[in-house]
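If you're matching them up, the sequences are chains A and B in order. Residue numbers for the first sequence, in the UniProt record's numbering: 1 to 300. Residue numbers for the second sequence, in the UniProt record's numbering: 1 to 286. Ideal placement from N, C-alpha and C gives every residue a C-beta, glycine not left out.
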Amino acid sequence: MAHLAKTIRKRMFGGDSAWAYAFIAVALVVFALFTAYPVINAFMISFQDYKPLGSTYIGIDNYINSLNDALFWKSVKNTIVYTVLTVPVSLLLSFAIAILILPLRKWMQTMFKAVYYLPAVASGVALSVVWLWIFDPLQSGIMNQLVGFFGGSNQNWLGTSATSMFSLVFMAWLSSHGTSIIIYLAALLGIDNSYYEAAELDGASFMQKIRFIVLPFLKPTTLFLLVTGIIGSFQVFQNAYLMTGGGPDNATTMVGLLIFNNAFKYFEFGEASAQALVLTLIIAVISFVQFKFLGNDVEY
Amino acid sequence: MALFKQHATHKSLLFMRNGIIVFVLLAFALATLFPIYFMVISSFGDPVEAGAASYTLWPSKFTLASYRFFFDYSEYSYRWLGNSLIVAACVTVSNVIFASLAGYAFSKIRFKGRNVLFAMLLCAMMIPYQVTQVPLYILIVNIFQMENTYTALIVPSLVTVYNIFLSKQFISSIPTEIIESAKVEGCSQLHIYFRIILPLSKTVMAVMAILTFMESWNTFFWPFLVTNTMDMQTIQVGLKSFRFANTTYFAPMMAGATISAVPMFILFFSLQKYFLEGVTVGAVKG
Chain A
1 MAHLAKTIRK RMFGGDSAWA YAFIAVALVV FALFTAYPVI NAFMISFQDY
51 KPLGSTYIGI DNYINSLNDA LFWKSVKNTI VYTVLTVPVS LLLSFAIAIL
101 ILPLRKWMQT MFKAVYYLPA VASGVALSVV WLWIFDPLQS GIMNQLVGFF
151 GGSNQNWLGT SATSMFSLVF MAWLSSHGTS IIIYLAALLG IDNSYYEAAE
201 LDGASFMQKI RFIVLPFLKP TTLFLLVTGI IGSFQVFQNA YLMTGGGPDN
251 ATTMVGLLIF NNAFKYFEFG EASAQALVLT LIIAVISFVQ FKFLGNDVEY
Chain B
1 MALFKQHATH KSLLFMRNGI IVFVLLAFAL ATLFPIYFMV ISSFGDPVEA
51 GAASYTLWPS KFTLASYRFF FDYSEYSYRW LGNSLIVAAC VTVSNVIFAS
101 LAGYAFSKIR FKGRNVLFAM LLCAMMIPYQ VTQVPLYILI VNIFQMENTY
151 TALIVPSLVT VYNIFLSKQF ISSIPTEIIE SAKVEGCSQL HIYFRIILPL
201 SKTVMAVMAI LTFMESWNTF FWPFLVTNTM DMQTIQVGLK SFRFANTTYF
251 APMMAGATIS AVPMFILFFS LQKYFLEGVT VGAVKG
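Structure follows, in structure tokens:
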């Protein structure tokens, strides 16, 4: 029977290739034109001194220049610092909040999910305008008022290298966990109650349940959030661009911003492409390492 | 029985525990919502220069003057909103149609090269956008010479790989038997798509539409690159130039920020279920 069904299926769907190609035609054209072609083109441009009228092939000079450029390494360092300060904290916070939301009634769960997700709905530009004023260097700026309340002194938050990176990190802490909370909560609700029951019969405490049931179950979710979080963080551009412009003294120049500046401020298309490809390599290596070390017993 | 004990021996203890939890969550929610609160509340202040403004958490009087100021200051304020609406609406409609068509083909029709093509799409999702931004800019601006047109704003995101992936995952879960019996009854592929697939995948299409609209409405980078006159800018780009043109007017800036966010807030509160559902698609299995 199964065999018969298979042949029937094959016969019936076999003749539909033309339809299938018609259905994916637009998607393929858009993909070929606006993703595949640009990727290939980026490779070619990265080996050129690109000029709108006639480029010259210069081999791997763009790569060598980038790797010898102190600013490139500084931007990599800034990106790593930003990532290390934001991604793990955001994961921990989201996890703790998801755990706390769990015992509440359904309508309260929905309400808190909505409340925490709301900042993700507002645009980055609008929020950056607001945060600029929260970090206003005047005495009357909200952040300065808050710090003053606890006895701290007035700071030029975005204007000095000592505090500018922290300001961006602080902004990320308070506005970028809505998605992970909802994803964690969905994963938590997916854990079958029988595991907790069995654990309780064995006299497990709350912390033991977290340690031996929740954490192993949430490992794939955590890995997913960690990988996507780091990938996202390495591409960060908008906040640095809108809030500090990379300054002061390049203290907040991230790789994404450096590539943007090289491309659209100095029109060094070749160098920007080379740096973007180096960035791809870094991201690929990081993702690979994470899967290798954290994902060996994760099933999908 | 669950992670938390729901049947505590002392009712008052349970009550207290939940009380503390709600308190902690509310405190954190206040911190999260503060920037949004600050934005909305300050937009009702007088449109005076920042030096004279006091940053209060509760203004002494409410006035809409800053909103009028925002619309009067630039003759393009309405145009920016209109541009954003046009672009976001076009991108959303075309994504829903073409991504679901492609998703149906990839999940339910066998054809040569299906797996290879789909694997290619998946690989593309992992490439950072920094790689494609320069060639894409050269393509649109230098080769096609479409700078400063709606086409340039819309075309690169006509259908995104993420949406194809989303609809493929969803349509895979529709039983193949339904499609087979429709074929036996003499239904053409186009009929199957319109009569069976579309009605059955309304949920995923709603999720797709909402996430795509939000993404498109909020996007800053691409419109910023390919527009060079005020009349073609979207609200996000306009907001930025507004900020730089006139950094000292605090309340009107907040009014502008509020205006750019309000359509999304309204959508969010009316379609909250789909927003929150959409977040978990592709991240959590089952």
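Handout entry: Under 9 Å by beta carbon: chain B residues contacting glutamine 238/A
Key = In chain order: Phe220, Phe221.
Exercise for the section: Have a look at Asp46/B, Phe221/B, Ser84/B, Phe4/B and flag the residue whose alpha-carbon is nearest the alpha-carbon of threonine 234/B. Expected result: Of all alpha-carbon atoms in Asp46/B, Phe221/B, Ser84/B, Phe4/B, the one lying nearest the alpha-carbon of threonine 234/B is that of Ser84/B.
Problem - Length of the line joining the Cα atoms of serine 94/A and threonine 86/A - result: Pairing serine 94/A with threonine 86/A, the inter-Cα distance amounts to about 12 Å.
Exercise for the section: Determine, using beta carbons only, whether alanine 276/B and lysine 106/A come nearer to each other than 8 Å. Expected result: Note on residue identity: the sequence assigns leucine, not alanine, to residue 276/B. It is not a contact, given that the beta carbons lie outside the stated cut-off.
Practice task
Would you decide whether tyrosine 150/B is buried or exposed? Buried here means 16 or more other CB atoms lie within 10 Å of its CB.
Solution key: By the 10 Å Cβ count, tyrosine 150/B comes out exposed.
Practice task
Compute the distance between the beta-carbons of serine 216/B and threonine 132/B, then report whether it is under 8 Å.
Solution key: No, the pair does not count as a contact, with Cβ atoms beyond the cut-off.
Exercise for the section: Note down the Cα distance separating tyrosine 73/B from phenylalanine 221/B, rounded to an integer number of angstroms. Expected result: Straight-line Cα distance between these residues: approximately 24 Å.
Handout entry: Nearest neighbour of valine 169/A, chosen from Val81/A, Gly178/A, Ala18/A, Gly229/A [CA to CA]
Key = Of Val81/A, Gly178/A, Ala18/A, Gly229/A, the residue nearest in Cα terms is Val81/A.
Exercise for the section: Can you have a look at asparagine 62/A and say buried or exposed, based on whether 16 or more other CB atoms are within 10 angstroms of its CB? Expected result: Buried, by the Cβ-count rule.
Problem - C-beta neighbour in chain B for glutamine 235/A, strict 8 Å - result: Yes - at least one Cβ of chain B is within 8 Å of the one on glutamine 235/A.
Problem - Under the three-state DSSP convention, the category tyrosine 67/B falls into - result: Of the three classes helix, strand and coil, the one that applies to tyrosine 67/B here is helix, per DSSP.
Practice task
State yes or no: is the beta carbon of tyrosine 73/B nearer than 8 Å to at least one beta carbon in chain A?
Solution key: So, not an interface residue.
Exercise for the section: Return the chain-ordered ranges of every beta strand (DSSP E) run that is complete within the segment 246 to 276 of chain B and spans a minimum of 3 residues. Expected result: Fully enclosed beta strand (DSSP E) runs of 3 or longer: not present.
Handout entry: Member of Ser128/A, Ser233/A, Gly245/A whose CA lies at the smallest distance from the CA of proline 35/B
Key = Of the candidates Ser128/A, Ser233/A, Gly245/A, the one whose C-alpha sits nearest the C-alpha of proline 35/B is Ser128/A.
Problem - Segments assigned beta strand (DSSP E), at least 3 residues, entirely inside the segment 157 to 220 of chain A - result: Fully enclosed beta strand (DSSP E) runs of 3 or longer: not present.
Problem - Partner residues on chain B for tryptophan 131/A, Cβ-Cβ distance less than 7 Å - result: Simply Pro35.
Handout entry: beta strand (DSSP E) runs wholly inside the segment 95 to 154 of chain B, at least 3 long, in chain order
Key = List check, beta strand (DSSP E) in window: nothing returned.
Problem - Local conformation of tyrosine 37/B per DSSP, three classes - result: It is helical.
Exercise for the section: Decide if the segment 228 to 244 of chain A is in contact with the segment 159 to 177 of chain A; the criterion is three or more beta carbon pairs, one per stretch, under 8 Å apart. Expected result: As far as the Cβ criterion goes, the segment 228 to 244 of chain A touches the segment 159 to 177 of chain A, which means the pair count is three or higher.
Exercise for the section: Could you work out which residue in Gly82/B, Val204/B, Pro223/B, Ile178/B is closest to isoleucine 192/B when comparing CA atoms only? Expected result: Of the candidates Gly82/B, Val204/B, Pro223/B, Ile178/B, the one whose C-alpha sits nearest the C-alpha of isoleucine 192/B is Ile178/B.
Practice task
May I have the straight-line CA-CA distance separating glycine 286/B from phenylalanine 217/A, to the nearest angstrom?
Solution key: Reliability of the predicted coordinates at glycine 286/B is poor, the pLDDT of 41 falling under 50, and the value obtained from them is presented with this limitation in mind. Within the model, the alpha-carbon separation for glycine 286/B versus phenylalanine 217/A is close to 13 Å.
Exercise for the section: Between the Cα of alanine 89/B and those of Ala209/B, Phe242/B, Leu239/B, spot the shortest distance and give me the residue it belongs to. Expected result: The shortest C-alpha to C-alpha distance from alanine 89/B to any of Ala209/B, Phe242/B, Leu239/B is the one to Ala209/B.
Handout entry: Cross-strand partners of tyrosine 57/A (DSSP beta bridge)
Key = Paired residue(s): Gln48/A.
Problem - Cβ pair count under 8 Å reaching 3, the segment 272 to 281 of chain A against the segment 38 to 57 of chain A - result: A contact between stretches requires three or more CB pairs, one per stretch, nearer than 8 Å, and the segment 272 to 281 of chain A meets this requirement with the segment 38 to 57 of chain A.
Practice task
Consider the Cβ of lysine 168/B: report whether some Cβ of chain A lies at a distance smaller than 8 Å.
Solution key: At a cut-off of 8 Å between C-beta atoms, lysine 168/B does not count as an interface residue with respect to chain A.
Practice task
Tell me whether the beta-carbon of phenylalanine 106/B lies closer than 8 Å to the beta-carbon of lysine 5/B.
Solution key: Contact flag unset, no.
Handout entry: Test: threonine 179/A CB closer than 8 Å to a CB of chain B
Key = Closer than 8 Å to the CB of threonine 179/A there is at least one CB belonging to chain B.
Practice task
Could you give the DSSP three-state label for histidine 191/B: helix, strand or coil?
Solution key: Histidine 191/B: helix per DSSP, three-state reduction.
Handout entry: Proximity below 8 Å, CB of leucine 185/A to CB of alanine 98/A
Key = Taking C-beta atoms as the reference points, leucine 185/A and alanine 98/A count as a pair closer than 8 Å.
Handout entry: Near-chain A residues of the segment 178 to 203 of chain B - C-beta to any C-beta below 7 Å
Key = Per Cβ criterion, the list reads Glu180, Lys183, Gln189.
Problem - chain B contacts from the segment 46 to 62 of chain A (Cβ-Cβ distance under 8 Å) - result: Within the segment 46 to 62 of chain A, contact with chain B at the beta-carbon level (separation under 8 Å) is assigned to Pro52.
Handout entry: Spatially closest choice to alanine 199/A from Ile210/A, Met143/A, Val39/A, by CA coordinates
Key = Comparing C-alpha distances from alanine 199/A to each of Ile210/A, Met143/A, Val39/A shows the shortest one belongs to Ile210/A.
Handout entry: Nearest-angstrom Cα separation, counted from glutamine 272/B out to threonine 253/A
Key = Their Cα atoms are separated by approximately 36 Å.
Practice task
Give the residues of chain A in contact with alanine 29/B, contact being defined as C-beta atoms less than 8 Å apart.
Solution key: Simply Phe112, Val115, Tyr116.
Exercise for the section: Using the Cα positions of isoleucine 230/A and leucine 257/A, report the straight-line distance between them to the nearest angstrom. Expected result: Those two C-alpha atoms are separated by around 16 Å.
Handout entry: For valine 39/A and isoleucine 127/B, believed in contact at Cβ under 8 Å, the rounded distance
Key = Going by Cβ atoms, the distance from isoleucine 127/B to valine 39/A rounds to 6 Å, so yes, they are a contact pair.
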